[in-house]
Amino acid sequence: MSTSSGTGGAASSGGSTSVTTGAATTGATTTSGSTTSGSTTSGSTTSGTGGAGGTGGAGGTGGSDGPASSSTTSGTPVACTEADKKVCSDDIGTHCGLTYEYWKDRGDGCLTNTADGFSVEWSNINNLLGRKGVRPGGKDHIVTYEADYRPNGNSYLGVYGWTTSPLIEYYIIDSWGNWRPPGGEGLVGTVESDGGTYDIYKTQRVNQPSIEGTATFYQFWSVRKEKRTSGTITVANHFDAWGRQGLTLGKFYEVSLVVEGYQSSGSADVKVSIE
Numbered sequence: 020m021s022t023s024s025g026t027g028g029a030a031s032s033g034g035s036t037s038v039t040t041g042a043a044t045t046g047a048t049t050t051s052g053s054t055t056s057g058s059t060t061s062g063s064t065t066s067g068t069g070g071a072g073g074t075g076g077a078g079g080t081g082g083s084d085g086p087a088s089s090s091t092t093s094g095t096p097v098a099c100t101e102a103d104k105k106v107c108s109d110d111i112g113t114h115c116g117l118t119y120e121y122w123k124d125r126g127d128g129c130l131t132n133t134a135d136g137f138s139v140e141w142s143n144i145n146n147l148l149g150r151k152g153v154r155p156g157g158k159d160h161i162v163t164y165e166a167d168y169r170p171n172g173n174s175y176l177g178v179y180g181w182t183t184s185p186l187i188e189y190y191i192i193d194s195w196g197n198w199r200p201p202g203g204e205g206l207v208g209t210v211e212s213d214g215g216t217y218d219i220y221k222t223q224r225v226n227q228p229s230i231e232g233t234a235t236f237y238q239f240w241s242v243r244k245e246k247r248t249s250g251t252i253t254v255a256n257h258f259d260a261w262g263r264q265g266l267t268l269g270k271f272y273e274v275s276l277v278v279e280g281y282q283s284s285g286s287a288d289v290k291v292s293i294e
């Protein structure tokens, strides 16, 4: 599948952050499966990525303290007059100034792009990801969202993506279904951001699908201690906190708001804007 990597992130961070180092591991391997948990699964008909049953999710790119600039020119447009666009098979495209990607392996589900975001519904799927964001994105993005989020089983809601060189899958998780990712292993610290505390984890996927095909790669996580389904996510706060813990990201592939389901059913109606 295509890796279409972007450029690295600009260095602006929004709001103050503080990082507390925790005991833990740098490279614990994830074996278990949860939605976003498994790493991406290839399988997009338009060179996208999906998720798989491990501890990760799918496609995109993060940001880092390394590469210096982003080629992103804008986020959400001021107003959108495009008609809603519904897709029920693997697809990547643009809608209302943002890039969307939809992927699933088995089961039923659809993604509907709307003027102010997207909705996802799924039933008896193994793994499904619906997301909308900016590609390649940049470190300075601020994601504001509001979701009517109704998972029945395992699912994730948050900011998601990938980087290349190195290949990293990343998550900033604000809410989840019946399992809190990534299961407790790989804790390296915490970060305060946007009115909450997030645990930082580093996990590893071995010989799993990715945006570069089957590969071994790390996953970086920020997981909010208390669930929420609306608010602002200042992505630079997390990228900077990861960097201070020695978790080095690469070149951006995307910064997206994602809903992922794993071996579950559910629905979500999401309003999202990206600055």
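For reference, each letter of the sequence shown is one residue, going 20 to 294 in our numbering.
We put the CB at the ideal spot given by N, CA and C, even for glycine.
Remember, it's a predicted structure, so these values are computed and weren't measured experimentally.
Q. Using a Cβ-Cβ cut-off of 6 Å (strictly less than) and excluding sequence neighbours within five positions of R169, which residues of its own chain qualify?
A. These residues qualify, in order along the chain: G285 and S286.
Q: Check the Cβ-Cβ distances between P185 and every residue of chain D, and say whether any is below 8 Å.
A: Going by chain labels, chain D is absent from the structure shown, which holds only one protein chain.
Q | Close Cβ partners of C99 (< 6 Å) along its chain, the five nearest in sequence each way excluded | A | C115 and A134
Q | Test item: CB-CB of H257 and S194 under 8 Å | A | no
Q: State the DSSP-derived secondary structure class of H160, mapped to helix, strand or coil.
A: coil
Q: Apply the 10 Å Cβ neighbour rule to T118 and answer buried if 16 or more other Cβ atoms are within range, or exposed otherwise.
A: buried
Q) According to DSSP, is R224 helix, strand or coil? A) Residue state, collapsed to three classes: strand.
Q | Exposed unless 16 or more other CB atoms sit within 10 angstroms - verdict on D109 | A | buried
Q.
Is the beta carbon of V139 closer than 8 Å to that of S275?
A. No, they are not a contact pair.
Q. Taking the alpha carbon of S184 as the point to measure from, which residue in K270, W261 and E204 has its own alpha carbon closest?
A. K270
Q: Ignore the nearest five residues each way along the sequence and tell me which others in T80's own chain have a CB closer than 7 Å to its CB.
A: Because the pLDDT of T80 is 33, which lies under 50, any placement of that residue in the model is unreliable, and the question is left without a value.
**Q.** Segment limits, alpha helix (DSSP H) that includes G262
**A.** V254 to R263
Q: Could you tell me the boundaries of the beta strand (DSSP E) in which D288 lies?
A: V274 to I293
Q. Among S229, G203, K158 and G196, which one has its Cα closest to the Cα of E188?
A. S229
Q | Identity of the residue in F239, D218 and T235 nearest V225 by Cα | A | T235
Q.
As a quick exercise: from T216, S174, T222 and W261, pick the residue whose alpha carbon is nearest that of R199.
A. S174
Q: Work out the CA separation of K244 and D159 for me, nearest whole Å.
A: 23 Å
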